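Trainee: Residues in the sequence shown are numbered consecutively from 4, following the working numbering. Here's a structure for you.
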Amino acid sequence: MTQTLTKDTFREKIFDFEENQDWKFLGERPAIIDFYADWCGPCKMIAPILEEISDEYTGSVDIYKVDTDAEQELAQIFGIQSIPSMLFIPLEEKPQMSVGALPKESISQAIKDVLKVDHP
Numbered sequence: 004m005t006q007t008l009t010k011d012t013f014r015e016k017i018f019d020f021e022e023n024q025d026w027k028f029l030g031e032r033p034a035i036i037d038f039y040a041d042w043c044g045p046c047k048m049i050a051p052i053l054e055e056i057s058d059e060y061t062g063s064v065d066i067y068k069v070d071t072d073a074e075q076e077l078a079q080i081f082g083i084q085s086i087p088s089m090l091f092i093p094l095e096e097k098p099q100m101s102v103g104a105l106p107k108e109s110i111s112q113a114i115k116d117v118l119k120v121d122h123p
């Protein structure tokens with residue numbers, strides 16, 4: 004199940020940008036963050052895909068959502084200019100941003116290539 008992040012839960016679970024200048028991922032598992040808005044058509048198209056992926060990768064990959072309208076500061080920090088945008092966060096490497104609505108196959112491939120997680 005995807006989890007919605009606020010600024011406070013983002014700082015607690017992902018990265019405390021107010022305390023650290025350099026990226027330091029706080030999560031226990033690789034993660035994907037979907038930056039979306041309720042009015043965004045393509046965002047609505049990928050929401051069920053992310054729910055499926057969340058179910059398939061339970062315990063291996065955490066899936067989060069950030070509402071860019073409600074959390075404008077987070078969107079600004081990550082330079083979100085178009086949505087949907089997805090941030091793929093591996094455990095030991097720098098995160099990578101993907102812009103646009105990706106099909107399930109592309110998300111699964113990014114989980115394998117970027118997050119280094121094989122399909123369960």
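Backbone N, C-alpha and C fix where the C-beta goes; we use that ideal spot for every residue, glycine too. Note that the structure is predicted; figures quoted are calculated from it, not measured.
Just how far apart, CA to CA, sit K68 and W26?
Mentor: 19 Å
Trainee: What is the DSSP secondary structure of S101, counted as helix, strand or coil?
Mentor: strand
Trainee: Between the region 26-46 and the region 101-118, are three or more C-beta pairs nearer than 8 Å?
Mentor: Flag = yes, the region 26-46 and the region 101-118 touch.
Trainee: CB P87 to CB I49, shorter than 8 Å?
Mentor: yes
Trainee: Are the CB atoms of L53 and T12 within a distance shorter than 8 Å?
Mentor: no
Trainee: Going straight from the alpha carbon of D121 to that of I92, what length do you get?
Mentor: 15 Å
Trainee: Across which residues does DSSP place Q79 in a beta bridge pair?
Mentor: Under DSSP, Q79 forms no beta bridge with any residue.
Trainee: Between F38 and T71, is the Cβ-Cβ spacing less than 8 Å?
Mentor: yes
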